Structure formats: C-alpha cells, structure tokens
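Peer 1:
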Amino acid sequence: MTEKVIYRQETQNDFSEVFELNNKAFGQDNEAKLVNALRDNPNIFIPELSIIATEKNKIIGHILLTKITIKDQNGNLHESLGLAPMAVLPEFQKNGIGGRLIKHALHTAKKLGYQSVIVLGHEHYYPKFGFEPAEKWNIKAPFDVPSNVFMAIELVKDGLKNISGTVIYPKEFETV
1 MTEKVIYRQE
11 TQNDFSEVFE
21 LNNKAFGQDN
31 EAKLVNALRD
41 NPNIFIPELS
51 IIATEKNKII
61 GHILLTKITI
71 KDQNGNLHES
81 LGLAPMAVLP
91 EFQKNGIGGR
101 LIKHALHTAK
111 KLGYQSVIVL
121 GHEHYYPKFG
131 FEPAEKWNIK
141 APFDVPSNVF
151 MAIELVKDGL
161 KNISGTVIYP
171 KEFETV
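For the sequence shown, my numbering assigns the number 1 to the initial residue and increments by one for each residue that follows.
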C-alpha cells in the first residue's frame, strides 16, 4: 500500500459508509445493524472508541469498543469494554489495517481511563495484541463458546485483578 492510511474517530458523516463497510466485510448486514444499535445507546457508546481507517478519504476499516459489564458471583458489576465488531474492506485485508485499528483503539481506551477489553475473536489473531483467554481471570462468556476464542486484555497493570464473573453484553448484541 502506497497511500497513507489515516486512523481517526468516526463522525456522523461516516455512519452510512461504515454501515456499507461492515456489510461488505461480513457479507451480511448483522454487524452493520449492530453498530447502528450500539451507537444509539448513549449508556454504552463512547464516540472516541468508534474508530475508522481511511485511505484517500474512503473508509476502509472500522473498529468499535463499547461498554460492557462483568458480573461477579456476589452480584458486583465491573465495567469493561467489548471489542465488536472490527471490519476491514475485503480488498484491504491482510495489510495490517485491522491490527493498527486494534492498537489505536486500545491506546485510546487506555487514555480514556478504561482498564480492560474483552473480545470474542480469532484465537490466533487477537493474542498478537496481548489478548489472553479470559478464563485466566475466571471471566466467562454469557454463552457457550470455546475458551480460546473468548479473550481479555488488561490495559493497565492489574486491570482485571480481583475481577471475575460473567460478561453481560448490552441487549443490542442479542440482535446479531
């Protein structure tokens, strides 16, 4: 790739292009609809953590981190972030754009004061960025998935110390 890829916060003007991007990247509109639904919930949506990658003013990638909760066995709630979805246009995949989106998002989340991020994702991809199986912290998915694809990362030292339990995703995720 010769053109410079710019990573920046998504703006309202980007919404329809981000919808199309997710549609193309996933081959369906479930994730695109999920992004719209998450965006519409001010309790979980963090504008700074909806990040796009552009080349020549064309959106080629998008990542979204939204607030999620980890509920421990005593009913205590701990805030974390969920990484979902992340998409790169098919013709731009395998160029490191997704990786740079992840790094940019994690860095921004840390600057905003968040302590951890949870992802349900590819077992060989996300560990490259420091994600480890969430079971290391005794954190479980609210649905049945193999433990090696349900991962977490501490954005700060001991960001998940003394936090365990089950992740509670916002209701918007149930639509996917």
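No residue lacks a Cβ here, since even glycine has one placed at the ideal position from N, Cα and C.
For clarity, every value in this text was computed on a predicted model and none was experimentally measured.
Using three-state DSSP, classify Val-149 as helix, strand or coil.
Peer 2: Val-149: helix per DSSP, three-state reduction.
Peer 1: Is the region 73-92 close to the region 29-38, with three or more CB pairs under 8 Å?
Peer 2: Verdict: yes, contact present.
Peer 1: Excluding the 5 residues flanking Tyr-179 on each side, which residues of the same chain have their C-beta closer than 7 Å to its C-beta?
Peer 2: For the chain, the structure presents residues 1 to 176; residue 179 sits outside this window and is missing.
Peer 1: Please state whether DSSP places Gly-165 in a helix, a strand or coil.
Peer 2: If DSSP states are grouped into helix, strand and coil, Gly-165 belongs with the strands.
Peer 1: Please name the residue, chosen from Arg-100, Glu-91, Ile-68, Leu-160, that lies closest to Ile-168 on a Cα-to-Cα basis.
Peer 2: That would be Ile-68, whose Cα lies nearest to the Cα of Ile-168.
Peer 1: Considering only DSSP beta bridges, list what Gly-82 is partnered with.
Peer 2: Gly-82 pairs with Thr-66, Ile-118.
Peer 1: Are there 16 or more other CB atoms within 10 angstroms of the CB of Glu-48, so buried, or fewer, so exposed?
Peer 2: By the 10 Å Cβ count, Glu-48 comes out exposed.
Peer 1: Hey, out of Asn-41, Ser-147, Gly-159, Pro-142, whose CA is closest to Lys-71's CA?
Peer 2: Nearest C-alpha to Lys-71: Pro-142.
Peer 1: Over what stretch of residues does the alpha helix (DSSP H) that includes Val-18 continue unbroken?
Peer 2: Counting along the chain, the alpha helix (DSSP H) containing Val-18 begins and ends at 15-26.
Peer 1: Are there 16 or more other CB atoms within 10 angstroms of the CB of Arg-39, so buried, or fewer, so exposed?
Peer 2: Buried, since its Cβ has 16 or more Cβ neighbours within 10 Å.
Peer 1: Going by Cα to Cα distance, which pick from Val-149, Asp-144, Thr-108, Gln-73 is closest to Tyr-126?
Peer 2: Residue Val-149 is the option with its Cα nearest to Tyr-126.
Peer 1: Does the Cβ of Thr-175 have 16 or more other Cβ atoms within 10 Å, making it buried, or fewer, making it exposed?
Peer 2: Thr-175 should be labelled exposed.
Peer 1: Got a sec, what are the start and stop residues for the beta strand (DSSP E) Thr-11 sits in?
Peer 2: Looking at the DSSP string, Thr-11 is not in any beta strand (DSSP E), and its letter there is neither H nor E.
Peer 1: In chain order, what residues of the same chain lie with their CB nearer than 7 Å to the CB of Glu-135, ignoring the 5 residues before and after it?
Peer 2: The residues are Ser-147.
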